[in-house]
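Take any residue in the sequence shown, count from 1 to its spot, add 28: that is its number in this note's numbering. From the three backbone atoms N, C-alpha and C, an ideal C-beta is built for every residue, glycine too. What you are looking at is a predicted structure, and each value in this text was computed from that prediction instead of being measured. Working notes for the structure below.
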Amino acid sequence: MRNDHVTLRSTAVFDLLAPQAPAVPVQVELRYDTTDPYAVVAAFRTGRAGWVEWVFARDLLADGLIAYAGEGDVTIRPAADDPEVVAVELSSPSGHAVFEASAQELADFLDRTYDVVVPGNENLWVDVDEALTRLLPHDLG
Numbered sequence: 029m030r031n032d033h034v035t036l037r038s039t040a041v042f043d044l045l046a047p048q049a050p051a052v053p054v055q056v057e058l059r060y061d062t063t064d065p066y067a068v069v070a071a072f073r074t075g076r077a078g079w080v081e082w083v084f085a086r087d088l089l090a091d092g093l094i095a096y097a098g099e100g101d102v103t104i105r106p107a108a109d110d111p112e113v114v115a116v117e118l119s120s121p122s123g124h125a126v127f128e129a130s131a132q133e134l135a136d137f138l139d140r141t142y143d144v145v146v147p148g149n150e151n152l153w154v155d156v157d158e159a160l161t162r163l164l165p166h167d168l169g
């Protein structure tokens, strides 16, 4: 496991799409943290005091920049009519949202994560013993 912990942050504006309405710009903070090297966090600003965080695989972001990717709650794909735009679709029991984001901004953020943790080397950043300690009950008796 590596001990030189790094957190990357980048801000972006995603456009929330709604039927028969103009797109609504939403502030988004993208985060990558070497304590969870397989994941990316997208925190969406929901108002003056609120943020909603979605955590998904870094590989999903990489794949979604090229072609449709994802199953379930998060899908990412290039926009059908504009190669410079990526569609990010989020689904949960409380709702469904489709955003459009700059493909270049997402690719630049992804490249920065690769500078910190090379794809395929994520396992070098994971402390399996520590993760198991958090998951297993301390009192097995």
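- Contact between the stretch 58-66 and the stretch 147-161 is present: 3 or more CB-CB pairs across the two stretches fall below 8 Å.
- In this chain, the beta strand (DSSP E) harbouring Glu117 covers 113-120.
- DSSP lists Ser120 as the beta-bridge partner residues of Gly123.
- With 16 or more neighbouring CB atoms inside 10 Å of its own CB, Ala97 falls in the buried class.
- Nearest in C-alpha terms to Ser122, of all of Asp101, Leu164, Ala51, Val156, is Asp101.
- Sixteen is the threshold: since fewer than 16 other Cβ atoms of the shown chains lie within 10 Å of the Cβ of Gly78, the residue is exposed.
- The residue among Pro47, Leu58, His33 with its C-alpha nearest the C-alpha of Asp139 is Leu58.
- Of the residues assessed, Thr161 falls on the exposed side of the cut-off, its CB having fewer than 16 other CB atoms within 10 angstroms.
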